[in-house]
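Residue numbers (the numbering used here), protein chains in the order written: chain D, 2 to 210; chain X, 2 to 210; chain G, 2 to 210.
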Amino acid sequence: MGLRLIPKEEAFFDMFKAQAANVVVGARHLKDLLEDYSDVDQKRMQIEKIESQGDEIAHKIIEKLNTTFITPMDREDIHALSSALDDILDFINASAQRLQLYGVKTIKPDAKELANIILRAAEETEALTGNMKNLKDIKNMKARWIEVNRLENEGDKVSRHAIADLFSNYTDDPIEVIKWKELYEHLETAIDKCEDAANIIEAVALKNA
Amino acid sequence: MGLRLIPKEEAFFDMFKAQAANVVVGARHLKDLLEDYSDVDQKRMQIEKIESQGDEIAHKIIEKLNTTFITPMDREDIHALSSALDDILDFINASAQRLQLYGVKTIKPDAKELANIILRAAEETEALTGNMKNLKDIKNMKARWIEVNRLENEGDKVSRHAIADLFSNYTDDPIEVIKWKELYEHLETAIDKCEDAANIIEAVALKNA
Amino acid sequence: MGLRLIPKEEAFFDMFKAQAANVVVGARHLKDLLEDYSDVDQKRMQIEKIESQGDEIAHKIIEKLNTTFITPMDREDIHALSSALDDILDFINASAQRLQLYGVKTIKPDAKELANIILRAAEETEALTGNMKNLKDIKNMKARWIEVNRLENEGDKVSRHAIADLFSNYTDDPIEVIKWKELYEHLETAIDKCEDAANIIEAVALKNA
Numbered sequence: 002m003g004l005r006l007i008p009k010e011e012a013f014f015d016m017f018k019a020q021a022a023n024v025v026v027g028a029r030h031l032k033d034l035l036e037d038y039s040d041v042d043q044k045r046m047q048i049e050k051i052e053s054q055g056d057e058i059a060h061k062i063i064e065k066l067n068t069t070f071i072t073p074m075d076r077e078d079i080h081a082l083s084s085a086l087d088d089i090l091d092f093i094n095a096s097a098q099r100l101q102l103y104g105v106k107t108i109k110p111d112a113k114e115l116a117n118i119i120l121r122a123a124e125e126t127e128a129l130t131g132n133m134k135n136l137k138d139i140k141n142m143k144a145r146w147i148e149v150n151r152l153e154n155e156g157d158k159v160s161r162h163a164i165a166d167l168f169s170n171y172t173d174d175p176i177e178v179i180k181w182k183e184l185y186e187h188l189e190t191a192i193d194k195c196e197d198a199a200n201i202i203e204a205v206a207l208k209n210a
Numbered sequence: 002m003g004l005r006l007i008p009k010e011e012a013f014f015d016m017f018k019a020q021a022a023n024v025v026v027g028a029r030h031l032k033d034l035l036e037d038y039s040d041v042d043q044k045r046m047q048i049e050k051i052e053s054q055g056d057e058i059a060h061k062i063i064e065k066l067n068t069t070f071i072t073p074m075d076r077e078d079i080h081a082l083s084s085a086l087d088d089i090l091d092f093i094n095a096s097a098q099r100l101q102l103y104g105v106k107t108i109k110p111d112a113k114e115l116a117n118i119i120l121r122a123a124e125e126t127e128a129l130t131g132n133m134k135n136l137k138d139i140k141n142m143k144a145r146w147i148e149v150n151r152l153e154n155e156g157d158k159v160s161r162h163a164i165a166d167l168f169s170n171y172t173d174d175p176i177e178v179i180k181w182k183e184l185y186e187h188l189e190t191a192i193d194k195c196e197d198a199a200n201i202i203e204a205v206a207l208k209n210a
Numbered sequence: 002m003g004l005r006l007i008p009k010e011e012a013f014f015d016m017f018k019a020q021a022a023n024v025v026v027g028a029r030h031l032k033d034l035l036e037d038y039s040d041v042d043q044k045r046m047q048i049e050k051i052e053s054q055g056d057e058i059a060h061k062i063i064e065k066l067n068t069t070f071i072t073p074m075d076r077e078d079i080h081a082l083s084s085a086l087d088d089i090l091d092f093i094n095a096s097a098q099r100l101q102l103y104g105v106k107t108i109k110p111d112a113k114e115l116a117n118i119i120l121r122a123a124e125e126t127e128a129l130t131g132n133m134k135n136l137k138d139i140k141n142m143k144a145r146w147i148e149v150n151r152l153e154n155e156g157d158k159v160s161r162h163a164i165a166d167l168f169s170n171y172t173d174d175p176i177e178v179i180k181w182k183e184l185y186e187h188l189e190t191a192i193d194k195c196e197d198a199a200n201i202i203e204a205v206a207l208k209n210a
């Protein structure tokens with residue numbers, strides 16, 4: 002194992018871009034699964050595979066971090082951004098898994114809406130990682146941070162409404178409440194993690210502006 | 002954006018004091034809401050507003066951290082303390098929200114007791130932030146750390162008793178168990194986060210003593 | 002309080018070894034409790050005592066970190082490893098507590114299997130901490146990392162199967178679902194935390210190899 006003295010700085014940015022692109026693929030598969038709830042096992046296993054690929058990219062980033070002497074951004078920010086991107090996919094995968102574990106037969110409309118918001122937030126996050134290499138287009142980045150924030154608020158509203166609905170309309174079916182409360186919370190957390198990733202990119206950009 | 006070369010060191014301490022004072026305001030509103038459970042929507046929205054103000058203070062602290070070259074305490078401690086203070090208010094707000102989401106009609110006595118403990122722990126934490134600027138009064142601080150610890154243990158005991166009570170007395174009302182188990186856990190976590198904040202202040206004080 | 006200028010580097014490794022050995026003791030007591038579910042209160046209080054001892058060791062490690070100038074491994078790694086080891090015991094203790102809080106009368110076989118996996122993962126983790134002082138035996142360490150990973154996957158599978166079983170077979174007993182879903186999740190998280198600890202040791206070893 003050699004110590005890289007002259008870092009290829011771009012490598013980190015390319016790896017983050019690849020990690021975020023993989024998150025978008027996972028988000029798209031989750032949206033497809035919820036909108037067309039057939040071949041569930043096969044689709045769920047595909048999402049699990051995407052999540053494993055995400056783990057590999059995250060592992061490579063940390064490996065590179067541990068062998069790089071001078072990094073293009075603070076070490077703790079590299080760690081935090083890679084973790085946040087990884088977390089998005091973890092919650093996407095955990096949501097898909099739970100559909101099977103809980104024996105869910107039909108998908109509630111609010112869950113489809115949340116999956117759609119996850120995809121849009123993931124796309125904004127991917128675009129932001131693409132802007133990290135050269136920070137010329139801060140104005141464009143600002144628009145995306147605002148949009149991710151807006152999507153997080155929207156997700157929060159949808160998820161609150163959905164959970165309140167469970168407690169109003171399913172008091173005679175507590176198992177349904179248990180299942181869907183957790184599913185909604187997992188979907189919402191995936192959106193929160195997009196916002197975390199966008200916030201870290203914002204902090205990095207402002208430090209280096 | 003200018004780089005501040007000669008830091009106004011006090012600024013961080015003043016900001017932590019303001020953040021902790023805002024936590025106390027939130028804790029007082031939660032206690033009032035649980036003790037006088039009327040005008041729930043209005044009171045809940047007031048707590049949400051206080052939580053937003055907390056977010057703004059936390060954002061300013063991180064912004065200041067990112068533009069300050071020499072800080073009066075370790076950068077990761079500034080980050081950790083601001084996060085812990087922010088978390089207290091997040092769990093206070095999340096508890097208030099859930100009362101509405103779950104359609105809670107009456108407040109159980111154990112919840113009132115927990116809200117009272119949150120307020121007392123928040124007040125101790127605020128006093129501790131006020132002692133950070135000059136560390137003369139370590140003896141007084143020590144008494145407060147011990148008190149926050151004691152309050153955390155007390156909260157733990159109340160919450161355990163309350164949850165055991167749910168599982169003994171509400172076996173025929175699982176929805177009630179779901180609601181109140183989570184409410185008690187959220188209230189207890191708010192107290193845990195006070196202890197986290199106090200522990201960080203303790204570590205900072207001991208490092209600089 | 003004096004500043005230690007010439008660090009006894011070994012001290013940190015010895016403390017981690019002691020912390021991990023205490024985790025193994027806790028894991029063994031949990032396994033015993035689940036396999037022979039009698040004298041529950043006494044056994045549960047014994048686990049709580051072991052958890053308190055773990056807190057004390059963790060506290061001493063952080064205290065030593067705050068007064069040591071030059072550390073044998075990165076400060077954030079010391080912090081992260083001590084936290085991960087502490088977390089294992091927290092989840093072991095939280096699982097034991099919940100048996101009492103929830104009034105659990107008999108132990109399900111999947112829970113016994115998970116407790117057995119926790120113990121095996123804890124033993125691997127303890128062995129890994131013993132290898133940190135001198136990193137001669139990386140090949141042996143590699144075998145242990147792979148084993149902890151395998152145990153985490155096994156735990157994941159057992160826990161998934163157990164939760165799916167709850168939702169298939171206990172739809173008429175939602176309280177049983179609430180109790181055991183959380184118990185399985187806590188047991189699985191204890192295994193996850195072993196993997197976290199092993200991963201941190203891996204990263205430290207590779208950085209210093």
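Glycine included, every Cβ here is placed at the ideal spot set by N, Cα and C.
As assigned by DSSP and simplified to three states, the class of residue i
{"i": "Thr69 (chain G)", "result": "strand"}
{"i": "Tyr185 (chain D)", "result": "helix"}
{"i": "Lys109 (chain D)", "result": "coil"}
{"i": "Gly104 (chain G)", "result": "coil"}
{"i": "Ser83 (chain X)", "result": "helix"}
{"i": "Ser39 (chain G)", "result": "coil"}
{"i": "Asp75 (chain G)", "result": "coil"}
Residue i: CB within 6 Å of a non-hydrogen atom of the ligand SAM
{"i": "Asn200 (chain X)", "result": "Annotation note on the ligand SAM: not contained in the displayed structure, which lists no ligands."}
Own chain residues within Cβ distance below 8 Å of residue i, not counting five before or after
{"i": "Leu4 (chain G)", "result": "Here the model assigns Leu4 (chain G) a pLDDT of 48, short of 50, so the residue's position is not dependable, and the following value carries that caveat. Counting only Cβ-Cβ distances below 8 Å, and skipping sequence neighbours, we find Thr68, Phe70."}
{"i": "Ile79 (chain G)", "result": "Phe13, Ile62, Leu66, Thr72"}
{"i": "Asn117 (chain D)", "result": "Lys32"}
{"i": "Glu127 (chain D)", "result": "Lys18, Ala21, Ala22, Val24, Val25"}
{"i": "Leu35 (chain D)", "result": "Ile108, Ala112, Lys113, Ala116"}
Proximal residues to residue i (C-beta, below 6 Å), its chain only, five neighbours per side dropped
{"i": "Met16 (chain G)", "result": "Ile62"}
{"i": "Ile119 (chain G)", "result": "Ala28, Ala191, Ile192"}
{"i": "Gly131 (chain D)", "result": "Lys18"}
{"i": "Met74 (chain G)", "result": "Val205"}
{"i": "Trp181 (chain G)", "result": "Leu167"}
Other residues of its chain near residue i: CB distance less than 7 Å, five sequence neighbours each side excluded
{"i": "Lys194 (chain G)", "result": "Ala85, Asp88, Ile89, Phe92"}
{"i": "His30 (chain G)", "result": "Lys44, Gln47, Ile48, Ile51"}
{"i": "Leu102 (chain X)", "result": "none"}
{"i": "Lys134 (chain G)", "result": "Glu11, Phe14"}
### Query
Counting pairs of Cβ atoms below 8 Å between the region 181-194 of chain X and the region 127-144 of chain X, do you hit three or more?
These segments do not touch.
### Touch test, the region 113-128 of chain G against the region 25-42 of chain G, Cβ-Cβ under 8 Å, three pairs minimum
Note that the region 113-128 of chain G touches the region 25-42 of chain G; at least 3 beta-carbon pairs, one per stretch, sit closer than 8 Å.
### Task
With 8 Å as the C-beta to C-beta threshold (strictly closer), list the residues of the region 147-165 of chain X near chain G in chain order.
Residues passing the 8 Å Cβ filter: Arg161, Ile164, Ala165.
### Task
Note down, one range per segment and in chain order, each beta strand (DSSP E) of at least 3 residues found wholly within the region 131-203 of chain X.
Listed in chain order, nothing qualifies, since the region 131-203 of chain X has no complete beta strand (DSSP E) run of 3 or more residues.
### Task
With 8 Å as the limit, tell me which residues of the region 86-104 of chain D have their beta carbon closer than that to any beta carbon of chain G; keep them in chain order.
Those residues of the region 86-104 of chain D that come within reach of chain G (Cβ to Cβ, closer than 8 Å) are Gln98, Gln101, Leu102, Tyr103, Gly104.
### Message
Give me the subset of the region 173-191 of chain G whose CB atoms are less than 8 Å from a CB atom of chain X, sorted by chain position.
### Response
Of all residues in the region 173-191 of chain G, Pro175, Ile176, Ile179, Lys180 have a Cβ within less than 8 Å of some Cβ in chain X.
### Query
Would you call the region 150-161 of chain D and the region 153-166 of chain G touching, i.e. three or more CB-CB distances under 8 Å?
In this structure the region 150-161 of chain D does not lie against the region 153-166 of chain G, because fewer than three pairs of beta carbons, one per stretch, are closer than 8 Å.
### Task
Decide if the region 168-178 of chain X is in contact with the region 169-178 of chain G; the criterion is three or more beta carbon pairs, one per stretch, under 8 Å apart.
Yes: at least three Cβ pairs fall under 8 Å.
#### Entry: alpha helix (DSSP H) runs contained entirely in the region 11-64 of chain G, provided each spans 4 or more residues
You should have 11-36.
### Cβ-based contacts, 7 Å cut-off: residues of the region 75-86 of chain G near chain X
Answer set for the region 75-86 of chain G: empty.
### Task
Using a Cβ-Cβ cut-off of less than 7 Å, give me the residues of the region 10-32 of chain D that come near chain X, in sequence order.
Answer in chain order: no residues at all.
### Query
Using Cβ-Cβ distances below 8 Å, what residues of the region 45-65 of chain D are close to chain G?
Against chain G - using a Cβ distance shorter than 8 Å - the residues of the region 45-65 of chain D are Ile63, Glu64.
### Members of the region 121-136 of chain X near chain D, C-beta cut-off 7 Å
Using a CB distance below 7 Å, no part of the region 121-136 of chain X faces chain D.
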